[in-house]
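Worksheet for the structure shown next.
Okay, structure coming up:
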């Protein structure tokens, strides 16, 4: 095998590599290079994820070889054209490098064979929905349902047990869940032109085992995380009409106010340093204080305006609010607060129904 490729294109392709930096199975640290028909395909896998990238190439001899992925990625960062040779040599101009090889290219696990079924869900729609909810799950949580983004009939949603985000979509196909630690790769694949989404099943298995996102330049296959959720998330979304208070504010100004106030929000809890702000609604103002009430910031600069209110003081996590506000697209945002101490708070883009977009956060007990 011998082929000449542009190193910038190769480096961009290797950004999507699934090859692990370290593995007890050394074979997985290699990328399979296949040259032919004026192109080079780069395949990598860690057994949970499979990627195949296709780039243009000047092919002198068709064939396959396995090259050590991290070494190849380092060389590709140098610019210029690279001559990939069957003996593991990579040549750039008068420079040459010896890259580790494996004698059997077929030894690298192929994409898992299963029955693939295209689904009626545009890649752009799924990408937009995921961007609204990807801040909600927590990959460090021991609960499997907190480490995924759920895609099911009519909605995409995620939760970490304290924060929940949901985005409505026009979808009626099979339910599946996206592992949060793969959302970066998934978003990149969904952003490719004319990407097509398919779900994979095995014989005799009803639920979805894997998701495939395929385009001319990229193929990504991700194994699904098996998880069961028995709760009805629609019951978690508060009714805005029943809220005890409604506060409208400028989204960007509120993000800046929260950023300024985070250093004053730390307090010592049972598990170390926690962060909490108290949002207090006064008859003629909205203020943000620390848990003890020693530091106070009036939110008039954030354009805070009371739509209707009672005397309410509620504890919220500042970073959770920042994440929610960063996921919202509109300039004006509305916060609905419950009168109950443990009632959920609803954050909404102005003039958008909670049936369309919902961000729900559970308050602290002050």
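In this note's numbering, the protein residues as written are 41 to 406. Note that beta-carbon positions come from the ideal geometry of N, C-alpha and C, so glycine has one too.
Rounded separation between residue i and residue j - CA only
i: residue 246; j: residue 230; result: 25 Å
i: residue 228; j: residue 67; result: 25 Å
i: residue 400; j: residue 144; result: 52 Å
i: residue 403; j: residue 203; result: 10 Å
i: residue 320; j: residue 354; result: 7 Å
i: residue 275; j: residue 185; result: 17 Å
i: residue 304; j: residue 387; result: 23 Å
i: residue 98; j: residue 44; result: 5 Å
i: residue 393; j: residue 197; result: 16 Å
i: residue 223; j: residue 251; result: 12 Å
i: residue 289; j: residue 405; result: 24 Å
i: residue 48; j: residue 127; result: 22 Å
i: residue 111; j: residue 129; result: 12 Å
i: residue 152; j: residue 260; result: 12 Å
i: residue 314; j: residue 339; result: 23 Å
i: residue 24; j: residue 347; result: Nothing can be reported for residue 24, as the shown portion of the chain is limited to 41 through 406.
i: residue 65; j: residue 232; result: 31 Å
i: residue 369; j: residue 94; result: 34 Å
i: residue 293; j: residue 342; result: 5 Å
i: residue 106; j: residue 378; result: 59 Å
i: residue 82; j: residue 243; result: 29 Å
i: residue 398; j: residue 389; result: 9 Å
i: residue 283; j: residue 358; result: 21 Å
i: residue 373; j: residue 337; result: 19 Å
i: residue 171; j: residue 205; result: 10 Å
i: residue 91; j: residue 225; result: 9 Å
i: residue 181; j: residue 324; result: 41 Å
i: residue 312; j: residue 147; result: Confidence at residue 312 is low in this model, with a pLDDT of 48, below 50, so its placement is unreliable and the value that follows should be read with caution. Whole-angstrom Cα-Cα distance: 48 Å.
Where residue i falls: helix, strand or coil (DSSP)
i: residue 225; result: helix
i: residue 44; result: strand
i: residue 274; result: helix
i: residue 312; result: Its pLDDT being 48, under 50, residue 312 is placed unreliably by the model, and the measurement read from it follows with that caveat. Looking at residue 312 - three-state DSSP - the assignment turns out to be strand.
i: residue 168; result: helix
i: residue 90; result: strand
i: residue 52; result: helix
i: residue 192; result: strand
i: residue 341; result: helix
i: residue 148; result: coil
i: residue 389; result: strand
i: residue 158; result: strand
i: residue 405; result: coil
i: residue 249; result: coil
i: residue 281; result: helix
i: residue 173; result: helix
i: residue 198; result: strand
i: residue 163; result: helix
Cβ separation of residue i and residue j, assumed to be a contact under 8 Å, to the nearest whole Å
i: residue 191; j: residue 155; result: Going by Cβ atoms, the distance from residue 191 to residue 155 rounds to 19 Å, so no, they are not a contact pair.
i: residue 41; j: residue 101; result: 6 Å
i: residue 240; j: residue 159; result: Not confirmed; about 11 Å, so no contact.
i: residue 54; j: residue 96; result: Going by Cβ atoms, the distance from residue 54 to residue 96 rounds to 15 Å, so no, they are not a contact pair.
i: residue 281; j: residue 253; result: In fact, because the Cβ distance is near 40 Å, the residues do not count as touching under 8 Å.
i: residue 199; j: residue 177; result: 7 Å
i: residue 116; j: residue 86; result: About 20 Å separates the two Cβ atoms, so there is no contact after all.
Opening and closing residue of the alpha helix (DSSP H) in which residue i lies
i: residue 292; result: 291–301
i: residue 361; result: 358–367
Element boundaries [beta strand (DSSP E), containing residue i]
i: residue 218; result: 216–219
i: residue 241; result: 236–241
i: residue 373; result: 372–377
i: residue 321; result: 317–322
i: residue 329; result: 325–329
i: residue 400; result: 397–401
i: residue 262; result: 258–263
i: residue 205; result: 203–208
Proximity test, residue i beta-carbon vs the ligand ADP heavy atom, cut-off 8 Å
i: residue 86; result: Inclusion of the ligand ADP in the displayed structure is not the case, the ligand content being empty and no account of it being possible.
In chain order, which continuous runs of the beta strand (DSSP E) of length 3 or greater are located wholly inside the stretch 56–140? 70–76, 79–85, 89–96, 98–101, 103–108, 121–125, 129–132 and 135–138
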